[in-house]
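If you're matching positions, the sequence shown starts at 1 in the UniProt record's numbering and goes up one per residue.
Written below as structure tokens is the structure these notes are about.
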Amino acid sequence: MAANGAEMFATTHGGFERLAPIYRNALIETRHSCVPIDWYLKPHSFSERNDLFLKHAVALMAESAQKALDEAGLTAGQIDTIITVCSTGIATPSLEARLMQVMPFRPDVRRLPIFGLGCAGGVIGLARAAGMARAAPDSRVLLLVVELCALTFRFQDRSKSNLVATALFGDGAAAAVVSCREDAIGPVVGASHEHTWPDSLDVMGWDVADDGLKVVFSRDIPSLVQDDFKPIAETFLARNGLTTADVGGFVCHPGGAKVIDALEDCFALTAGAMVHTRETLRAHGNMSSATVLFVLKAALDADEPGPLLLTTLGPGFTTAVMLIHP
Numbered sequence: 001m002a003a004n005g006a007e008m009f010a011t012t013h014g015g016f017e018r019l020a021p022i023y024r025n026a027l028i029e030t031r032h033s034c035v036p037i038d039w040y041l042k043p044h045s046f047s048e049r050n051d052l053f054l055k056h057a058v059a060l061m062a063e064s065a066q067k068a069l070d071e072a073g074l075t076a077g078q079i080d081t082i083i084t085v086c087s088t089g090i091a092t093p094s095l096e097a098r099l100m101q102v103m104p105f106r107p108d109v110r111r112l113p114i115f116g117l118g119c120a121g122g123v124i125g126l127a128r129a130a131g132m133a134r135a136a137p138d139s140r141v142l143l144l145v146v147e148l149c150a151l152t153f154r155f156q157d158r159s160k161s162n163l164v165a166t167a168l169f170g171d172g173a174a175a176a177v178v179s180c181r182e183d184a185i186g187p188v189v190g191a192s193h194e195h196t197w198p199d200s201l202d203v204m205g206w207d208v209a210d211d212g213l214k215v216v217f218s219r220d221i222p223s224l225v226q227d228d229f230k231p232i233a234e235t236f237l238a239r240n241g242l243t244t245a246d247v248g249g250f251v252c253h254p255g256g257a258k259v260i261d262a263l264e265d266c267f268a269l270t271a272g273a274m275v276h277t278r279e280t281l282r283a284h285g286n287m288s289s290a291t292v293l294f295v296l297k298a299a300l301d302a303d304e305p306g307p308l309l310l311t312t313l314g315p316g317f318t319t320a321v322m323l324i325h326p
């Protein structure tokens with residue numbers, strides 16, 4: 001990845017070798033992109049980026065949706081509500097409406113597009129899906145999360161935030177069927193909680209530029225986690241009659257290597273204890289809202305004991321936490 005970065009930024013970042021450690025320190029070996037590496041070596045308009053986003057996001061959602069339906073033993077026609085979560089492109093009509101053109105969902109299916117949650121969207125989307133399922137116990141809710149982060153890399157952006165983004169982010173999609181029906185199978189979605197820091201709009205997010213979405217990152221994110229996250233998580237657990245010692249597995253969004261280190265310190269875990277979080281980052285990079293669902297799947301596949309504590313951080317600046325009972 002450092003070699004690709006050197007080629008990418010050779011004309012805009014003099015002395016790239018001084019910046020190359022950003023790639024090595026990211027602890028990422030592979031990432032996925034909906035476009036080839038050569039695409040990043042030229043400038044692109046916002047319109048071009050978004051056209052690619054619409055094409056590839058719908059294709060990825062269709063693939064993820066079909067896998068989730070197959071695993072649940074369902075067809076598209078049995079879904080009552082579709083929730084889409086995404087922050088990396090603009091779609092009006094929204095993504096689930098476009099998906100309905102390529103998959104046989106019923107015309108009366110309820111639709112809820114969610115935009116702007118960034119990396120927190122995986123847990124918040126799952127919480128919204130669970131809430132809608134509980135409100136209509138006979139219904140089935142399909143949650144679709146897709147992020148094409150790599151399309152937002154801006155060739156001529158000299159900022160440190162953009163350089164970090166090119167070292168960290170990748171593309172990905174995830175899906176889950178959520179239901180309270182008696183015939184529902186799989187783990188149980190438990191309680192959830194959200195906390196938004198005051199005066200924190202500039203910690204994480206997008207600025208809109210002529211050529212696309214310009215990433216906003218604060219260097220304070222790891223310190224915010226280290227200083228403030230522990231009491232938020234402990235209060236949430238206490239409300240549910242638990243302590244960190246009762247947690248069977250920590251399913252944390254891998255915002256980056258330093259954020260994972262801060263989370264392990266926060267929960268008094270040994271360095272490297274968040275195996276599934278670190279492995280997801282290594283194998284896929286940060287896929288924004290989809291990432292925590294990749295970590296959750298890895299934890300469930302490994303038969304981690306419950307309860308599992310899911311954690312995410314996103315623009316707002318917001319954290320979302322949730323309990324999952326395998």
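Quick reminder that beta carbons are idealized off the backbone N, C-alpha and C, glycines included.
### Message
By the DSSP assignment, the beta strand (DSSP E) with S192 in it spans what residues?
### Response
For the purposes of this step, residue 192 is taken as the residue at position 192 of the sequence shown. Looking at the DSSP string, the run of the beta strand (DSSP E) that includes S192 is V188 to T196.
#### Entry: alpha helix (DSSP H) segments (min. 4 residues) lying fully within the segment 97 to 180
121 to 135 and 160 to 168
#### Entry: Rounded distance between the beta-carbons of C119 and S223, thought under 8 Å
Indexing the sequence shown from 1 puts residue 223 at position 223. Indexing the sequence shown from 1 puts residue 119 at position 119. Not confirmed; about 17 Å, so no contact.
### Task
Just the C-alpha distance for A209 and K258, rounded to the nearest angstrom, thanks.
As a first step, residue 209 must be located in the sequence shown, where it is residue number 209. As a first step, residue 258 must be located in the sequence shown, where it is residue number 258. When rounded, the distance between both Cα atoms is 28 Å.
### Task
In angstroms with no decimal places, state the Cα-to-Cα distance between T291 and K297.
As a first step, residue 291 is located in the sequence shown; it is residue number 291 there, counting from the start. As a first step, residue 297 is located in the sequence shown; it is residue number 297 there, counting from the start. Cα to Cα, the separation comes out at about 10 Å.
### Query
If we count the other Cβ atoms within 10 Å of its Cβ and call it buried at 16 or more, is A268 buried or exposed?
Numbered from its first residue, the sequence shown carries residue 268 at position 268. Result: exposed.
### Query
With 16 other CB atoms within 10 Å as the buried threshold, where does residue 351 fall?
Absent from the structure is residue 351, since the part of the chain shown begins at 1 and ends at 326.
### Query
For T311, which of helix, strand or coil comes out of DSSP?
Counted from its first residue, the sequence shown places residue 311 at position 311. Strand at T311.
### Task
Return the first residue and the last residue of the alpha helix (DSSP H) that M61 is part of.
For this step, residue 61 is matched to residue 61 along the sequence shown. F46 to A72 is the extent of the alpha helix (DSSP H) around M61.
### Query
Mind checking whether F294 and G172 have CB atoms under 8 Å apart?
Here residue 294 is taken as the residue at index 294 of the sequence shown, counted from 1. Here residue 172 is taken as the residue at index 172 of the sequence shown, counted from 1. The answer is yes: Cβ separation under 8 Å.
#### Entry: Of the listed residues S218, F250 and W197, nearest to T204 (C-alpha basis)
Looking up residue 204 in the sequence shown gives position 204. The residue asked about is misnamed: residue 204 is Met in this sequence, not Thr. Closest by alpha carbon: S218.
### Task
Can you grab the Cα-Cα spacing for the pair T319 / D199, in whole Å?
Position 319 of the sequence shown, counting from 1, holds the residue named residue 319. Position 199 of the sequence shown, counting from 1, holds the residue named residue 199. The straight-line gap from Cα to Cα measures roughly 14 Å.
### Task
Report the three-state DSSP secondary structure of I260 (helix, strand or coil).
Walking along the sequence shown from the start, residue 260 turns up at place 260. Reduced to three states, the DSSP call for I260 is helix.
### Task
Report the rounded CA-to-CA distance for A59 versus G241, giving the unit in angstroms.
Numbered from its first residue, the sequence shown carries residue 59 at position 59. Numbered from its first residue, the sequence shown carries residue 241 at position 241. Distance between the alpha carbons of A59 and G241 is about 42 Å.
### Query
With 16 as the cutoff for other CB atoms within 10 Å, does I28 come out buried or exposed?
In the sequence shown, counting from the first residue as 1, residue 28 sits at position 28. It counts as buried.
#### Entry: P305 vs G249 beta-carbon contact at 8 Å
In the sequence shown, the residue the question calls residue 305 occupies position 305. In the sequence shown, the residue the question calls residue 249 occupies position 249. Cβ distance < 8 Å, so P305 and G249 count as in contact.
### Task
Note down the Cα distance separating L310 from Y23, rounded to an integer number of angstroms.
Sequence index remark: in the sequence shown, residue 310 carries index 310 (1-based). Sequence index remark: in the sequence shown, residue 23 carries index 23 (1-based). Straight-line Cα distance between these residues: approximately 27 Å.
#### Entry: Selection from V146, R158, K55 and L323 that minimises the alpha carbon distance to L237
Numbered from 1 along the sequence shown, position 237 holds the residue referred to as residue 237. Among V146, R158, K55 and L323, the Cα nearest to that of L237 is on L323.
### Query
Cβ of A299 within 8 Å of Cβ of V251?
If you number the sequence shown from 1, residue 299 lands on position 299. If you number the sequence shown from 1, residue 251 lands on position 251. Yes, these two residues count as a Cβ contact at 8 Å.
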